[in-house]
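Asks: One structure follows; several queries about it will come next.
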Ligand SMILES: [Zn+2]
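Residue numbers (my numbering): 1088 to 1245.
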């Protein structure tokens, strides 16, 4: 997605097509990607112990919070549960990427943590509701989770 900037800043490289008109094209920030990054940090820090270690929801192995991922129980492609805290837990790379989310063990552990009703609700929301985030919502959520990340880092000394 692109939008046209009227006044060119020095760092914006004008595209040849617009150069003569004195107009530059600036790439729009990818808010979804930015929120994915900060939300992932938040989830990993939320479950990190004071020594910085996190446990994989699926296989139970321990990894440092910087080396573990934010694993989604219901796939990230469902936007309605992509940023749902009930749907996200630290998960090791092996389970998240190579073992297709190790979903059966994920479900079992998630139920032991939050109960079957809430897990059912996550499944229902993922499959039956849709969500479109506006830029404003993205920006607010990025601010919100950035503040929480800072708070958790301070609290846990990480
Ligand atoms: Zn694992």
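Glycine residues also receive a C-beta, built at the ideal position from the N, C-alpha and C atoms.
Provide the residue span of the beta strand (DSSP E) that contains residue 1140, from first to last.
Replies: Residue mapping note: residue 1140 aligns to position 53 of the chain shown, counting from 1. From DSSP, the beta strand (DSSP E) with residue 1140 extends over 1140-1142.
Asks: My assumption, with CB atoms under 8 Å, is that residue 1193 sits in contact with residue 1160. Please give the rounded CB distance.
Replies: Along the chain shown, one-based indexing puts residue 1193 at 106. Along the chain shown, one-based indexing puts residue 1160 at 73. That belief holds up - the Cβ atoms of residue 1193 and residue 1160 are roughly 5 Å apart, short of 8 Å.
Asks: Would you say the beta carbon of residue 1190 is closer than 7 Å to some non-hydrogen atom of ligand 1?
Replies: Taking the first residue of the chain shown as position 1, residue 1190 is located at position 103. Because no heavy atom of ligand 1 lies under 7 Å away, the Cβ of residue 1190 does not count as near it: no.
Asks: Where residue 1204 and residue 1178 are concerned, what is the direct C-alpha to C-alpha distance, given to the nearest angstrom?
Replies: For the purposes of this step, residue 1204 is taken as the residue at position 117 of the chain shown. For the purposes of this step, residue 1178 is taken as the residue at position 91 of the chain shown. When rounded, the distance between both Cα atoms is 22 Å.
Asks: On the three-pair Cβ rule with 8 Å, is the segment 1165-1181 touching the segment 1207-1217?
Replies: Cβ pair count under 8 Å is three or more, so yes.
Asks: Where DSSP assigns a beta bridge to residue 1149, which residues make up the other side?
Replies: For the purposes of this step, residue 1149 is taken as residue 62 along the chain shown, with counting starting at 1. Its beta-bridge partners are 1142.
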